[in-house]
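Enquirer: Supplied in C-alpha cells, the structure appears directly below.
Protein chains: 2
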Amino acid sequence: MSRPRALSGFPEWLPAAQVVEQLVTDSLRATFELHGFAPLRTRAVEPVPVLLGKGETDKEIYLLHRLQADEGVAPGDGAALGLHFDLTVPLARYVLENAGHLAFPYRRYQVQAVWRGERPQEGRYREFVQADIDIVGDGSLPFHHEVEVALVAAEALSSLPLPPIRMRVNNRKVAEGFYLGLGVLDSGAVLRVMDKLDKIGPAQVTTLLVEDLGMSSAQADACVVFAGVHGQPGTGPGPVLDDVAALGVQHPLLTEGLDELARVVEAAEQAVPGVLVPDLSIARGLDYYTGTVFETHLVGHEGLGSICSGGRYDELARDGERSFPGVGISVGVTRLVGAVVGRNLMAADRSVPTAVLVAVVDEQQRRESDSVATALRRRGICTEVSPSDAKLGKQIRYADRRGIPFVWFPDPSGQDQVKDIRSGDQRPAERDTWTPPPADRAPTLHSTRPKESS
Amino acid sequence: MSRPRALSGFPEWLPAAQVVEQLVTDSLRATFELHGFAPLRTRAVEPVPVLLGKGETDKEIYLLHRLQADEGVAPGDGAALGLHFDLTVPLARYVLENAGHLAFPYRRYQVQAVWRGERPQEGRYREFVQADIDIVGDGSLPFHHEVEVALVAAEALSSLPLPPIRMRVNNRKVAEGFYLGLGVLDSGAVLRVMDKLDKIGPAQVTTLLVEDLGMSSAQADACVVFAGVHGQPGTGPGPVLDDVAALGVQHPLLTEGLDELARVVEAAEQAVPGVLVPDLSIARGLDYYTGTVFETHLVGHEGLGSICSGGRYDELARDGERSFPGVGISVGVTRLVGAVVGRNLMAADRSVPTAVLVAVVDEQQRRESDSVATALRRRGICTEVSPSDAKLGKQIRYADRRGIPFVWFPDPSGQDQVKDIRSGDQRPAERDTWTPPPADRAPTLHSTRPKESS
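Quick look at the structure:
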C-alpha cells in the first residue's frame, strides 16, 4: 500500500483529538444515562424508500451495492439499501418495527455515524457522529417532555469545558398562532416567505408579503418585527412576552405557544442559567416540528452552524391509526470536536488512558515489571509496561510523549519508586497501595481558551 | 411508513439485548484501557483499492454510490469507495497515513461496525460490531507483545459472565519449522493440503501429501499426527512439547516457534488459568500471520465459530522500506451478543440505566418530583421522573417493566419514602443523602446458565 491520502469529508483524528471525541461522547452519554435514557444502536443501512419517506430528498444519500453482486442476489435482498443520513429516520423505523416490544414512553440515546454525500466544508462532513436523545410516546406525549429534553441538552453541553454556548429556543405554535391572529389562514405560505428574511432582508420580505400574499403593510410590518423578537441570556421569557404583546395580536394558539415557550425558558434558567434564550426567528424546518424547537451555537463561532438541534415532532412515526409523537435533540459530535480541536478551544491532558508506565530495568526483569502492572491494574489503575529496556531517560520520554503522568521503577527487593514526570518528584511507593491523585486516574478535558481579560 | 420488516443479516436488538451489547463493549473497553490501549475511530469507508489490497477478494464488499451522483461529482471524489469489512485494513491505512504523527509502538482499541455482503446465518452477519486491539511497531515489534495481547484478550473475555471459553493458540513458526525439519521446502504447499484435514479426513490428506507433494508415507503420517497435537486446559505447554518431541523432527524455526508458544501458554496459565490451550491445528490464514495465532470458542457452542481471533502479522503495513509489524485481536461483539442472548446464556438485570423512578403524585406537584430527581442525579444516581401522575400502582408497573429497582415517593413536607419494588420494602429517605446499594447503581450482566449439576 502506498502512502494513502485523507478523504475529503471523512474526518479522522490523531490520538490527541481522538481522546477529545471519546471524552465528549462519554460525557454526553453520562448525562443521558443520568436522566434514564437507554442505549440504542440501529443498523447503518435502511431500504431506500424508508430514507426517502420523509420527503428529505435534498439529503445526498449513499446507496450500497455489492461488489460481487453479479454472483447473484442473496436471499432476503429486496429494496435497494442506503446509509442513514440521520438517527431520527432509523428511530422511527425501529419504533414502528418493534412497537409491540417497547415500553412507552420510550427513552433512548444513540451515538453513531451518519452519512451524507454533501460538498465538504468546515463543519460539514460526509461521515460524522451524532449523539441523539429522544422520548417517544404511544399516541400522545405530555408537554413536560419538551422541557425535559431541552434541560438535558443544556446540561449535557454545560458539562463540557466549551466556550459559552447559546441555545436559542422557539415554539412552532407561536408563529402559527401569530399569523392566525393576524387573520392569515395560510400560515405555511407566510413561513416560507419569512424563512427568506436572513437572505433577502426585511424590505423585500415585506414586499412579498404584501404583493404575493395580499397582506396589508401593517400586517407585513408586524410579521417582520415579530420575527426579530428575541431575548437575552439570563432575563427569562418576560421581555419576549412583552415584545409580542406590544404587537397587539391575539390567538389561542399564540397564547399556548408562548406559554410553552415560557415554561421551557423558565425551567432552563433555573437549571442552567444564562444558556437558553427565546428567539422567535428559529424555524428549523417548521413543516416537520410541531412544538418546541431549538438550536445551539458556540458563542463567537456561529459560522460553524448549530452543534445541537432538535424539537417536538408529532408525526415521527405512524402505523395506520397509531401514531408515535416524539421530542429529541441531536448533538453534532464531529462538528463540535472538529471545531474545538481545529480552533484550539479544548484539549485532553493526555492522549492515552494510561496513568502509569512501569519501567523495565532489563529484559530479564520484565516479569517483575509485569507483576507491578498487574497489581496496579487490579486496583483499576490504567498501566502500561515499557515496550523495551532502553535507557531510563528514553523510557521516560515514551511516557512524556503520550502524557502519561507517572513512571514506576520496580525493585525486586521491594524498594519500588514512582516518579511524577511533570514535577520530577520521585518517592518510594508500594505497588499494592499507591494510587494516583483522582485527577490523574483518567484523561480529562480542559478548556484551552485564554482567560478573558476583565 | 407502513410496518417495516427486519433486514436479514443486519441485526438490531430490543432494549434488553441492547443493554447486554452496551455492557459487553463497556467491559471490553475497560479492560483495554486498563492495559493502556487508546481509542481510535476510523471512517467507515475506504477507497476500493485499499480494501482489495490485501488479497481479501473473497470478502463481499459493499460499494457506495451517491443517489444524486448524476448531479455531478463533488470535488475530492476519486476512486470508488466501499465499506470496510474489518478494522485491520483501516488501521494499516491509518498508520501509513499518519506514521509521522504517531508514537510507536502504537496501541489502540477500536469498537465499530464492519460490513460484509455475506449470506446471513447464525453467527454470520452483513453488519456487525467488532472490538479490536492492536499494537503496531515501527520497523520491529518485540515478541513480548504477543504474550501481552493474548493475556489482554483472555482477561477481557474472562471478565464477562460467559460460559467457559477456550482460547486455542498456535504459532505459525511451529508448523513451518516442522515441515522444514521434515525436509519439505515448500511449506506453503503442505499447509494448503493440511488445511483440508477437517474437511476430507486424514486418509485423503495422507494420499495428497504422498501423491501430490512426493512425501514418504512416514513423513505424511508425521504431518497428520503433528496437526492433531493439542493440550488440555490447565496443563500448560508441557504435554504438547513432549508430543512434538516424540515425532523426532528438529529445526531451529520449530524450536523458536515452540519456545514462543510455550511462553504464551505459561503466561496465560498464570494470569487466567484453564482458559488457553496450545493447539497445533489452529491455522487462521497462515499466509497472513507470522507468529502467534489464536481463536476462541464458547465451550459447548463451538458451532458459532470463533468469538475472538488474532495473532501476529509482520506485514500489516509497509511504506517503501518502512514496515509496521503488529499483533492484535478482534472480539466479535455482535456474534457474541447474538449468541448469549439468542441462547439465553447471559442477561442484564435491567434494560435501562435508571436506578430510581420518582413518582408524581399529581401533575401540579411535578416540580417537587423534578427537584428530587435533580438532588439524586447530582450524586450520580440515574433517575427518571414518572411520565404521568397515573395511579401509583401504574407508576410502579412503569418501573417494573424496565427493571428500575427503586420508586421514590416525594413529600413536600419532607417525609419522602423510597420503595424497593423487588422486595416491597419501603422506608423514609433523605433526597440529599440516600444512595442505592452499589450493585443497583447501574445495570449489570449476569450468567443465566442453570448451575451445572455436580
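First to last, the protein sequences are chains A and B.
First residue of the first sequence? That's 11 in this note's numbering, and the numbers climb one at a time after it.
First residue of the second sequence? That's 11 in this note's numbering, and the numbers climb one at a time after it.
Glycine included, C-beta positions come from ideal geometry on N, C-alpha and C.
Assign aspartate 80 (chain A) to one of three DSSP states: helix, strand, or coil.
Expert: Only weak support exists for where aspartate 80 (chain A) lies, its pLDDT of 48 falling under 50; the coordinates are left without a value.
Enquirer: DSSP on threonine 245 (chain B), reduced to helix/strand/coil?
Expert: It is coil, neither helix nor strand.
Enquirer: What residue does the beta strand (DSSP E) around cysteine 318 (chain B) start on, and which one ends it?
Expert: Element bounds for cysteine 318 (chain B): 318-329.
Enquirer: In chain B, what lies closer than 8 Å to glutamine 7 (chain A) by C-beta?
Expert: Outside the shown range of chain A (11 to 464) lies residue 7 (chain A), about which nothing can therefore be said.
Enquirer: State the CB to CB distance for the pair phenylalanine 304 (chain A) and alanine 185 (chain A), rounded to an integer number of angstroms; the pair is presumed to be in contact (CB under 8 Å).
Expert: The Cβ separation is near 14 Å, so there is no contact.
Enquirer: Against chain A, which members of the region 328-354 of chain B pass a CB distance test of less than 8 Å?
Expert: Answer set for the region 328-354 of chain B: Arg328, Asp329.
Enquirer: Under a three-way DSSP split, which group does valine 259 (chain A) fall into?
Expert: Three-state result, valine 259 (chain A): coil.
Enquirer: Which stretch, first to last residue, makes up the alpha helix (DSSP H) that contains phenylalanine 236 (chain A)?
Expert: Element bounds for phenylalanine 236 (chain A): 227-237.
Enquirer: What separation, rounded to the nearest whole angstrom, lies between the Cα atoms of tyrosine 116 (chain B) and glycine 147 (chain B)?
Expert: The alpha-carbon atoms of tyrosine 116 (chain B) and glycine 147 (chain B) are separated by roughly 7 Å.
Enquirer: Considering only the beta carbon of each residue, do valine 55 (chain B) and phenylalanine 20 (chain A) sit closer than 8 Å?
Expert: Yes.
Enquirer: How about phenylalanine 188 (chain B) and leucine 264 (chain B): are their beta carbons less than 8 Å apart?
Expert: Taking 8 Å as the Cβ cut-off, phenylalanine 188 (chain B) and leucine 264 (chain B) qualify as a contacting pair.
Enquirer: Does proline 152 (chain B) come within less than 8 Å of chain A when only Cβ atoms are used?
Expert: So, interface residue.
Enquirer: From the DSSP output, which residues share a beta bridge with phenylalanine 304 (chain A)?
Expert: In the DSSP output, where bridge partners are listed per residue, phenylalanine 304 (chain A) has A:Val179, A:Gly320.
Enquirer: Given this structure, state the Cα-to-Cα distance separating glutamine 260 (chain B) from arginine 376 (chain A), to the nearest angstrom.
Expert: Computed Cα separation, rounded: 30 Å.
Enquirer: Establish whether the CB of arginine 76 (chain B) and some CB of chain A are separated by less than 8 Å.
Expert: Yes, arginine 76 (chain B) counts as interfacial toward chain A.
Enquirer: Quick check on histidine 94 (chain B) - is its C-beta less than 8 Å from some C-beta in chain A?
Expert: No, because no Cβ of chain A sits closer than 8 Å to the Cβ of histidine 94 (chain B).
Enquirer: Taking the straight line between their C-alpha atoms, what separation do you get for valine 83 (chain B) and leucine 201 (chain A)?
Expert: Confidence in valine 83 (chain B) is poor, its pLDDT being 42 and thus under 50, which makes the residue's placement too unreliable to answer from.
Enquirer: Could you please give the first and the last residue of the uninterrupted alpha helix (DSSP H) stretch that includes tyrosine 104 (chain B)?
Expert: Where tyrosine 104 (chain B) is concerned, the enclosing alpha helix (DSSP H) stretches over 98-108.
Enquirer: What did DSSP end up calling tyrosine 477 (chain A) once you bin it into helix, strand or coil?
Expert: For residue 477 (chain A) there is no data in the structure shown, the boundaries of chain A being 11 and 464.
Enquirer: Near arginine 273 (chain A), which residues of its chain fall below 8 Å by C-beta distance, leaving aside the five closest residues on each side in sequence?
Expert: Same-chain partners within the cutoff: Phe153, Val157.
Enquirer: Taking 8 Å as the cut-off, decide whether the C-beta atoms of valine 58 (chain B) and leucine 73 (chain B) are in contact.
Expert: Contact flag set, yes.
Enquirer: On the three-state DSSP scale, how would you describe phenylalanine 138 (chain B)?
Expert: Three-state DSSP puts phenylalanine 138 (chain B) in a strand.
Enquirer: Are at least three pairs of beta-carbons, each pair with one atom in the region 382-399 of chain A and one in the region 358-370 of chain A, less than 8 Å apart?
Expert: Yes, they touch.
Enquirer: CA-CA distance, glutamine 28 (chain B) and leucine 38 (chain A)?
Expert: Whole-angstrom Cα-Cα distance: 18 Å.
Enquirer: Let me know if glutamate 107 (chain A) comes out buried or exposed under the rule of 16 or more other beta-carbons within 10 Å of its beta-carbon.
Expert: By the neighbour-count rule (16 or more Cβ atoms within 10 Å), glutamate 107 (chain A) is buried.
Enquirer: On the three-state DSSP scale, how would you describe threonine 364 (chain A)?
Expert: Coil.
Enquirer: Straight-line CA distance for valine 350 (chain B) to alanine 357 (chain B)?
Expert: Cα to Cα, valine 350 (chain B) sits roughly 8 Å from alanine 357 (chain B).
Enquirer: For aspartate 450 (chain B), does the count of other Cβ atoms within 10 angstroms reach 16, so buried, or fall short, so exposed?
Expert: Classification of aspartate 450 (chain B): buried, given that the 10 Å Cβ count is 16 or more.
Enquirer: Closest Cβ-Cβ distance between threonine 393 (chain A) and chain B: below 8 Å?
Expert: Judged by the 8 Å Cβ criterion, threonine 393 (chain A) is in contact with chain B.
Enquirer: Return the CA-CA distance between leucine 512 (chain A) and leucine 346 (chain A), expressed in angstroms with no decimal places.
Expert: No information on residue 512 (chain A) is available, as it lies outside the stretch 11 to 464 that chain A covers here.
Enquirer: List, in order along the chain, the chain A residues whose C-beta lies closer than 8 Å to that of glutamate 132 (chain B)?
Expert: Near glutamate 132 (chain B) there are no residues of chain A at all, since even the closest Cβ is about 14 Å away, more than 8 Å.
Enquirer: At a Cβ threshold of 8 Å, is threonine 485 (chain B) touching chain A?
Expert: What the structure shows of chain B is the stretch from 11 to 464, and residue 485 (chain B) is not part of that stretch, so it cannot be assessed.
Enquirer: Excluding the five sequence neighbours on either side, which residues of its own chain have a C-beta within less than 8 Å of the C-beta of alanine 16 (chain A), listed in chain order?
Expert: Within the same chain, alanine 16 (chain A) has close Cβ partners Glu22.
Enquirer: Quick one, are the C-beta atoms of arginine 441 (chain A) and alanine 385 (chain A) less than 8 Å apart?
Expert: Result yes, Cβ atoms of arginine 441 (chain A) and alanine 385 (chain A) sit closer than 8 Å.
Enquirer: So, under 8 Å CB-CB, histidine 142 (chain A) and tyrosine 119 (chain A) are touching, yes? Tell me the CB distance rounded to an integer number of Å.
Expert: Going by the sequence as given, residue 142 (chain A) is aspartate instead of histidine. So it is a contact: roughly 7 Å between Cβ atoms.
Enquirer: How big is the Cα-Cα spacing for glycine 238 (chain B) and glutamate 276 (chain B)?
Expert: The straight-line gap from Cα to Cα measures roughly 21 Å.
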